[in-house]
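Numbering (my numbering), first residue to last: 6 to 581.
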Amino acid sequence: MASYSVNNRVALISVDNPPVNALSHHVRQGIMDGLKKAREDSSVQAVVLCGSGRTFPAGADITEFASGLASKEPDLRLVCKTLDSFPKPVVAAIHGTALGGGLELCLSTHYRLALKSARVGFPEVHLGLLPGATGTQRLPRVTHLANAIDIIVSGRQVGATEAYDLGIIDEVFGGDMLPKALEFAQSIAGRPLAPRRVSSLPVKGREQASAIFEEARQKTMSRSVGGALAPITCIQAIQAAVEQPTFEKGLQREAELMQFLGESGQARAQQYAFFAERSVSKWQLPSGVSYKTAKPMPVKTAAVIGAGTMGIGISMALISSGIQVFLTEQNKEYLDRGVKTLRGLISSGVKRKRLTEVQAKGLMSLLTPVLDYKSFSHVDLVIEAVFENMELKKKIFRKLDSICNPSTILASNTSTLNIDEIASVTARPDKVVGMHFFSPAHVMRLLENIYGKKTSPETIATAMHVGQKIKKISVLVGNCHGFVGNRLMGPYQKEACFLLEEGCFPQEVDQVLKVFGFRMGIFETTDLAGLDIGYKIRKELGLVGGDGPERMRMRERYSPLADRLVEAGRLGQKNR
Ligand code: NAD
């Protein structure tokens, strides 16, 4: 809903739809009702539109896309049109985030004020859509065409100060927003409104439009994964702002393109992924124990065992989020090699300007390389990332159990091994959990947390919480061979190898996968992760070597190609 009040001849319409003031049907109706009252009250000279609680309306109510409520009147386009043509000045007072539909509302008002900490943007492209409630037609009328294309096609969030520099926001304030917005609204009451209506402004930079669009198309095509429709369609919609004879005609074109995207499988898939990523934090066990009741333990210090591909990536992810890490290896040579790799990752961050020298130093100071487990006695969490071998992992967990504080959580980064079996060698199976990162662990966002039969709710909650803290999408999964990710990867990898046997080159298989939408092909991925990982897993399963026909295992077709490469010492990029 939206509340309505009048202060000193300024009407205040405040959206109140926690947690993010999404522009649901009842909110849109509330804004329209408020506008009607403000129009009819002759004492009102100006209107302020804001959000109560933590943010300005942060966007559309995405659940309404599927239910059809998004198009029920008053839809967002009608609200925008009403604001734009309103006979009294309307001021948007922005705090928090004004994204998507939230920014479209702002661009339909006559003045936009924002707190310094506020952010604006059009994230629709990430949902396979475009800003379809007038956003593609309004943004290039307040900022240069090239900026509008950049913001809409990238979906990035723009800070208030940058938005001010780009012309999207008229004034930026510090301190308390509302009194300033009310004062501002009084100061502009009575000023002519025609030059403030965005719909009547010319597109900025239209003289260079064809060169700008050509460059944007080239850039977008070269970056688009799997022929993504949304980025290129966003450009077409912005193009309508230049090419159509009127604002209304531009809106019609925007609506057609929005409908095209909305009905595409890509948009449905991207929205499915969006909701899936958000729902995984709301975990629940079959017993009913859930995220609502289980409390995580604080994790400030961790130990990582194994400074190989995964141990280094995991250490990098942990220190990047301020967690102090003790890193160990089987000997000094391997430990030094691991620390060198990690230092290399940090310096490449500096070279790419993602980190400053000071930040890089800060990260290295959080890492302590050690050659024994003494310092592990008081860490909050240990993550083991040694070779994929049950006996080795059991040996390490026995040792950890005898050294670590009883409250320390012991996690394994195993790709496939049974967490219960690993936990069985400790006196604290309730504190044992799988934390399965994906390679490269400091980059890949997925983290599978695996609970065993005895893993406690507190341990699960902690693993999930650590995942969130280090900016991963933590998914809680059950304990079975390969968990979820690798169970999906298994048949995929198998079929890819069959294609090689049937005459394809690895690069051809990868190319097809990339055209389909994967960022990397399967062979590039295994080359990066190390071919030995899959080999060790197949060995544990008894698939490598053995008697019988080479291309049959357990009465199923089998390709020994990957095994042969490993046996020839060819492990992929690890060999460099
Ligand atoms: P890796 O061979 O690159 O690294 C393993 C490291 O463990 C080596 O540096 C080795 O010297 C060290 N190590 C062995 N025994 C040790 C001991 N007793 N004490 C200390 N260090 C010891 O292997 P990786 O790819 O990093 O895989 C490690 C674990 O992560 C495995 O369980 C693997 O299944 C799992 N995993 C790997 C990937 C991947 O894509 N590489 C992805 C997810 C999970």
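By construction, the Cβ of each residue, glycine as well, lies at the ideal position given by its N, Cα and C atoms.
Owing to the predicted nature of the structure, the values given are computational and were not obtained by experimental measurement.
Closer than 7 Å to some heavy atom of the ligand NAD: that describes the Cβ of residue 312. In this structure the segment 365-372 does not lie against the segment 455-469, because fewer than three pairs of beta carbons, one per stretch, are closer than 8 Å. In this structure, residue 534 has its beta carbon less than 7 Å from a heavy atom of the ligand NAD. Between the ligand NAD and residue 391, a heavy atom-to-CB distance of less than 7 Å is present.
With a threshold of 7 Å, the Cβ atom of residue 441 counts as near the ligand NAD, since some heavy atom of the ligand is closer than that. Contact annotation: residue 475 and residue 322 have beta-carbon atoms nearer than 8 Å. Unbroken beta strand (DSSP E) runs of no fewer than 3 residues, entirely contained in the segment 48-129, are found at 51-56, 95-99, 102-104, 116-120 and 124-126, following chain order.
Note on residue 566: under 16 other CB atoms within 10 angstroms of its CB, so exposed under the neighbour-count rule.
A distance of 8 Å or more separates the beta carbons of residue 303 and residue 344. Boundaries of the alpha helix (DSSP H) harbouring residue 191: 182-193, taken from the DSSP string. By the Cβ-count criterion, residue 147 is buried, with 16 or more other Cβ atoms from all chains shown falling within 10 Å of its own Cβ. By the Cβ-count criterion, residue 120 is buried, with 16 or more other Cβ atoms from all chains shown falling within 10 Å of its own Cβ.
At least one heavy atom of the ligand NAD falls within 7 Å of the beta-carbon of residue 418. Every alpha helix (DSSP H) stretch that sits fully inside the segment 435-514 and reaches 4 residues is listed by chain position as 462-474 and 490-506. In the structure shown, residue 279 adopts helical secondary structure according to DSSP, grouped into three states.
DSSP places residue 248 outside any beta strand (DSSP E); the residue lies instead in the alpha helix (DSSP H), whose first and last residues are 234-248.
Separation of the CB atoms of residue 110 and residue 97 is rounded to 7 Å, and the pair is thereby assigned contact status at 8 Å. A check of alpha carbon separations from residue 12 across 502, 249, 54 and 542 identifies 54 as the nearest. In this structure, the ligand NAD has no non-hydrogen atom nearer than 7 Å to the beta-carbon of residue 244. The beta carbon of residue 16 sits closer than 6 Å to those of 43, 49 and 52, all from its chain and outside the five residues before and after it, given in chain order.
In this chain, the alpha helix (DSSP H) harbouring residue 314 covers 314-325.
Per DSSP, residue 374 is one residue of the beta strand (DSSP E) stretching across 372-375.
Distance from the Cα of residue 319 is smallest, within the candidate group 459, 408 and 444, for 444. A direct Cα-Cα distance of roughly 8 Å separates residue 166 from residue 174. Taking the CA atoms as reference points, residue 242 sits about 7 Å from residue 258.
In the three-state DSSP reduction, residue 37 falls in the helix class (H, G or I). About 21 Å separates the beta carbons of residue 418 and residue 383, which is beyond the 8 Å limit, so they are not a contact pair.
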